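Q: Take a look at the following structure, please.
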Amino acid sequence: MRTSTPSTKYKIHPTIRTCIACRTHENKNNLVRIVRTAQGNLDIDSNGTLAGRGAYLCKNVDCWENGFVPQSLQDSLNLVNPPTTKTLSVLTKKARDIILESINGKKGHKND
Ligand SMILES: [Zn+2]
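Rendered as structure tokens:
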């Protein structure tokens, strides 16, 4: 049986990442992660479990729809080509769902 001890103790400080749109530093739990998968595709990492190189954006629709420069994503993810408009619109749509979900979740009780 192989034992592996964690090299670091429990981290008190949250992991801070930078939104690639507005450059705000945020706790990564408050950001949406875009990941470049092993296949070279871009996807939204909604559970924080996907492996691959990631870029972060705020849970703020404005960052996705206005502040989002494909070049930033290309640079952050080390892409050979900038993401296509179609890819971006799919990502933005997924992100918007996550953002809306998190806003609704924060409101607490659902009455329906
Ligand atoms: Zn932002």
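If you use this note's numbering, the sequence shown closes out at 100, no skipped numbers anywhere. Here a beta-carbon is modelled for each residue, glycine too, at the ideal position from N, C-alpha and C. These figures come from a predicted structure and were not determined experimentally.
Between the C-alpha atoms of Phe56 and Tyr44, what's the straight-line distance to the nearest angstrom?
A: In the sequence shown, residue 56 corresponds to position 68, counting from 1. In the sequence shown, residue 44 corresponds to position 56, counting from 1. About 11 Å.
Q: Does the beta-carbon distance from Arg21 to Arg41 come in below 7 Å?
A: Within the sequence shown, residue 21 is the residue found at index 33, counting from 1. Within the sequence shown, residue 41 is the residue found at index 53, counting from 1. In this structure, Arg41 does not lie closer than 7 Å to Arg21 by Cβ.
Q: Where Ala9 and Ile0 are concerned, what is the direct C-alpha to C-alpha distance, given to the nearest angstrom?
A: The sequence position of residue 9 within the sequence shown is 21, counting from 1. The sequence position of residue 0 within the sequence shown is 12, counting from 1. Looking at the two C-alpha atoms, the distance is approximately 27 Å.
Q: Kindly indicate which three-state DSSP category Val23 falls into: helix, strand or coil?
A: Here residue 23 is taken as the residue at index 35 of the sequence shown, counted from 1. Three-state DSSP puts Val23 in a strand.
Q: At a cut-off of 6 Å, is Thr12 close to ligand 1 when judged by its beta-carbon and the heavy atoms of the ligand?
A: Taking the first residue of the sequence shown as position 1, residue 12 is located at position 24. Under cutoff, so the answer is yes.
Q: Along the alpha helix (DSSP H) that carries Leu45, what are the first and last residues, could you check?
A: Locating residue 45 in the sequence shown gives position 57, where the first residue counts as 1. Here Leu45 belongs to no alpha helix (DSSP H); instead the beta strand (DSSP E) covers 41 to 46.
Q: Taking 7 Å as the cut-off, decide whether the C-beta atoms of Val49 and Ile86 are in contact.
A: Within the sequence shown, numbered from 1, the residue matching residue 49 stands at position 61. Within the sequence shown, numbered from 1, the residue matching residue 86 stands at position 98. Not in contact: Val49 and Ile86 (Cβ atoms no closer than 7 Å).
Q: Cα-Cα, which of Asn54, Cys7, Asn92 is closest to Thr19?
A: As a first step, residue 19 is located in the sequence shown; it is residue number 31 there, counting from the start. For the record, residue 19 in the displayed sequence is Leu; it is not Thr. It is Cys7 whose Cα lies nearest to the Cα of Leu19.
Q: Give the DSSP-derived three-state secondary structure of Ile32 in the structure shown.
A: The residue you call residue 32 lines up with position 44 of the sequence shown. Ile32: strand per DSSP, three-state reduction.
Q: Rounded to whole angstroms, what is the Cα-Cα separation between Gln62 and His13?
A: What you label residue 62 is simply residue 74 of the sequence shown in a count that begins at 1. What you label residue 13 is simply residue 25 of the sequence shown in a count that begins at 1. Rounded to the nearest angstrom, the two C-alpha atoms are 19 Å apart.
Q: Under 7 Å Cβ to Cβ from Leu79, same chain only, skipping five residues before and after it: list those, please.
A: In the sequence shown, counting from the first residue as 1, residue 79 sits at position 91. Hits under 7 Å: Ile22, Leu30, Ile32.
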